[in-house]
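Here is the structure we will look at.
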């Protein structure tokens, strides 16, 4: 029984079968990549995992509990964090505040009215956030406005915001999309460190095969809304079905 | 001290000083001089400064922090006023119950209205609040006449029950705070100056200081940080396990209570509540005060409120004769033309000036006076290495492009 | 039955005005992504075009009519409008009488220029700014324009009569087979409804059947892509803004005989038109029209004596109540699409 169980998920948009009988089981503390050509249904699947879409049939269980029909913040409170294709951070706030907010959310839940305390008096939160910034080497930038960070630093900050909540499952939606090679390699390195330093399950949705094969322990290939193959990276490489999905029948 | 850091404490003490010494500061010109008309140190105007200061401080908690632009906050001002007068009619002319009722009832109203309006965001929200305010105005003006006295306005009368302080006597007792009437005070003549110290002003000013202090606490609290997060990125907030709705609603209710308090104080200094203070222009005015001073800054709304009320007072009192005197130095023909043009902007034309100010501020100074001040300060500081600090007083009044644009 | 028809008819003229203003708002909103708080003032400007033209045609000079005497036996002084002196009594008289419909000819260029100047001079600079700034700047503009109207025309309403031929009412009930005097309907209101229907039809046809309209509709759906196709969307949007201004202006011109134009009429109509847009569904043109008529008719029913006797003042708030209920039940409005302005 994996930490995330996707069973018989179907999703139609009008006449288009976006997902057809998707079954996935993701083992706890593994790094699982979902790859596939454009239009294979990767984003639809991800949106079903975070509650943004509700599949027509099937179930999505996280740690035995269904995530379907729950709001995004409830899903996060269950222990799922998400990294977006373009980093979603609080641009108007400082880097340090950006990390404090998820700490508070973890400690206090979806809503709590601390309107009178000074935020810097929350010693435990401040310590947690500072330690996290230290881990991602951003301590020197803690008072900068997040919007003025470089692209790579924004990604780093977003990861820090997710990790500081100690999620059990981290969803990464094309974490290196649009990045230069050097930035991509840094991100891979960062993800490796994260994986080594704590127990965490990662699901990576990615185009870039370099990233996938550097990180993933298991790979699911999605084509036309259905899982084609699921195996360890060594077996995915050169798998005829995968080549066919990517290159078409001509191959 | 007071749980504030040094910078905030300094700011608070500056405001405290300004408020306490306002009767001096606002009367810089000797009474006899021709410039005395530009004095503002009389009770009626000073009361308006601090009352609208409260209104704007509250509005800023909603608009400045969360970015939700309400166009209907005057409704809560009006509701507060009506609640206040009713308390005076039913219970006592002591203002304490009146002010408490104003705040609480405006808070309840904003809870209901906010709950509905906050189902939508952005433009929808602005339009919904505007519609609610206009509806409240229509209700107060004609539908609920038994409660609001419609056009003539709700005021105290001899036949009021006033359960606590009895209905004895042939005259309506003056509105008071445990026996001290709002009109109490004394004049202090010194040289050519007369300084007026008025209880009503200091009472309102004290409450404004409390309101200002609370707003600093809110700005610096985790709650305030969440409100800024609402403005910055609701998507990220959701995926961080936070529910933006209750945060925004809480901000809405707090700002509604501030508006109610301001409305209560308005009737405490002058026990008459009219529907016109709920009109859309009144809602627009508080928006202007906030952005003129600097939305999202602590001191901005106070400055903006003072500025607008001061100019309103000066401009709307100027008449043709004053203008003729002002442009006396010009040759006859030019004088006539100048007076004709200037007349558009004074007296009844004050609203035109207000509208123009509105546009100019939004176009050229979206960060308001505070940003303007910072720009000037930066000009003088050019030589020093640019400081990149937390800059904690100014929160993104700059036009930030939409995410993803 | 006859009472119901009467109220529906009574709701049509106000509904037409709401629909026309809301249509313009939606056009601007859908194409430019700007909420124009100054749109109501454009409606008022149109009405004052009618006021101006009537005043212009009626401008007169005094002359002495030797053939007639006043009650003291002196020769009678009469006011002769210039137009009558210039073009003869018949033509001049017709001009004065028909000044409201003629004001359409004046309003079209005036409103187009106002709209284009507004867009090029002000709104254009706000496309990239937050919505709050757009609302604020157009709100300021609305106050300014309103005060300018007040400066020139004063604070009192100025009645503008409709042409003689359309003054008065007719018994619509008899025509429908009811008893006489059950449905008395003023001619001009019927004219107004017909006029609005023609304009609304014209706009829909324009958007449907012309290339220009096609591009605009495409732009409403996805501005970025249309821009990428190399189509100069900006110029078209300027024209759309001008068009929306003209529509609002014409709605105002023809409305002048129904309610005497007042400098603050624009804002009252604007708030209600916003409600109309929200009820109809932001960004939906048919929604704006449908909701405009619907709310106009509902308001008219709420103004019936029997209803007011039951719930005093309901006519003042009914539109808001309906709007609140619609939004609670269908947050996107009657015909709103998903994802319009929901960021």
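Chains as they are written, first to last, in the working numbering: chain P, 1 to 251; chain H, 252 to 656; chain X, 657 to 999. Every residue, glycine too, gets a C-beta built ideally from N, C-alpha and C. Here the structure is a predicted model, which means the values were calculated and not measured.
Taking a beta-carbon distance threshold of 8 Å, residue 799 of chain X counts as an interface residue toward chain H. Relative to residue 556 of chain H, the option among H:306, H:284, H:335, H:468 whose CA is nearest is H:306.
Contact annotation for residue 948 of chain X against chain H: no contact, minimum CB-CB distance about 15 Å [criterion: below 8 Å]. For residue 799 of chain X, the enclosing alpha helix (DSSP H) covers residues 787-809. Using a CB distance cut-off of 8 Å, residue 394 of chain H counts as an interface residue toward chain X. Secondary structure of residue 453 of chain H (DSSP, three-state): helix. According to the DSSP assignment, residue 516 of chain H belongs to the alpha helix (DSSP H) that extends over 495-520.
The DSSP-derived three-state label of residue 732 of chain X is strand.
The alpha carbon of residue 985 of chain X has as its nearest neighbour, out of H:323, H:367, H:302, H:339, the alpha carbon of H:367. Around residue 909 of chain X, the same chain offers 702, 705, 706, 759, 760, 763 as residues with beta carbons nearer than 6 Å, after the five sequence neighbours per side are excluded.
According to DSSP, residue 406 of chain H shares a beta bridge with H:523.
When DSSP assignments are scanned along the region 556-593 of chain H, the uninterrupted stretches of alpha helix (DSSP H) that are 4 or more residues long and fall wholly within it turn out to be 571-577. The beta carbon of residue 558 of chain H sits no closer than 8 Å to any beta carbon of chain X. Annotation: Cβ neighbours of residue 471 of chain H in chain P (cutoff 7 Å, chain order): 118, 119. Using a 10 angstroms sphere on the CB of residue 153 of chain P, the tally of other CB atoms reaches 16 or more, which defines it as buried. When DSSP reads this structure, residue 145 of chain P sits in a beta bridge with P:94.
Between residue 127 of chain P and residue 164 of chain P, the C-beta gap is not smaller than 8 Å, which leaves the two residues out of contact. For residue 765 of chain X, no beta strand (DSSP E) encloses it; the enclosing alpha helix (DSSP H) starts and ends at 755-777. Per DSSP, residue 158 of chain P lies in no beta strand (DSSP E) segment; the continuous alpha helix (DSSP H) that holds it begins and ends at 151-163. Setting aside the 5 residues that flank it on each side, residue 619 of chain H is surrounded in the same chain by 542, 543, 544, 545, 551, each with a C-beta closer than 6 Å to its C-beta; the list follows chain order. Neighbours of residue 813 of chain X across chain H, judged by C-beta separation under 7 Å, do not exist; the nearest C-beta is about 17 Å away. For residue 980 of chain X, the chain H residues whose Cβ falls inside 7 Å of its Cβ are 367, in order along the chain.
Considering only beta carbons, the part of the region 33-51 of chain P lying closer than 9 Å to chain H consists of 50, in chain order. In chain order, 404, 406 place their CB closer than 6 Å to the CB of residue 523 of chain H, counting only its own chain and leaving out the 5 sequence neighbours on each side. Between the region 224-237 of chain P and the region 10-24 of chain P, the count of Cβ pairs shorter than 8 Å is three or higher; the stretches touch.
Around residue 504 of chain H, the same chain offers 358, 361, 362, 365 as residues with beta carbons nearer than 7 Å, after the five sequence neighbours per side are excluded. Within the same chain, 526, 529, 530 come within 7 Å of residue 388 of chain H by CB-CB distance, once the 5 residues on both sides are set aside.
Comparing alpha carbon positions, the residue from P:213, P:214, P:101 closest to residue 477 of chain H is P:101. The alpha-carbon separation between residue 79 of chain P and residue 72 of chain P amounts to approximately 11 Å. Note that the region 888-905 of chain X does not touch the region 727-746 of chain X; fewer than 3 beta-carbon pairs, one per stretch, sit closer than 8 Å. Per the coordinates, the alpha-carbon of residue 840 of chain X lies some 19 Å from the alpha-carbon of residue 955 of chain X. In this structure, DSSP gives residue 441 of chain H an extended state, which the three-state scheme calls strand. The Cβ atoms of residue 347 of chain H and residue 450 of chain H lie no closer than 8 Å to each other.
Among the CB atoms of chain H, one or more fall inside 8 Å of the CB of residue 788 of chain X. The distance from the Cβ of residue 171 of chain P to that of residue 203 of chain P is about 5 Å, consistent with a contact at the 8 Å cut-off.
As a beta-bridge residue in DSSP terms, residue 826 of chain X pairs with X:841.
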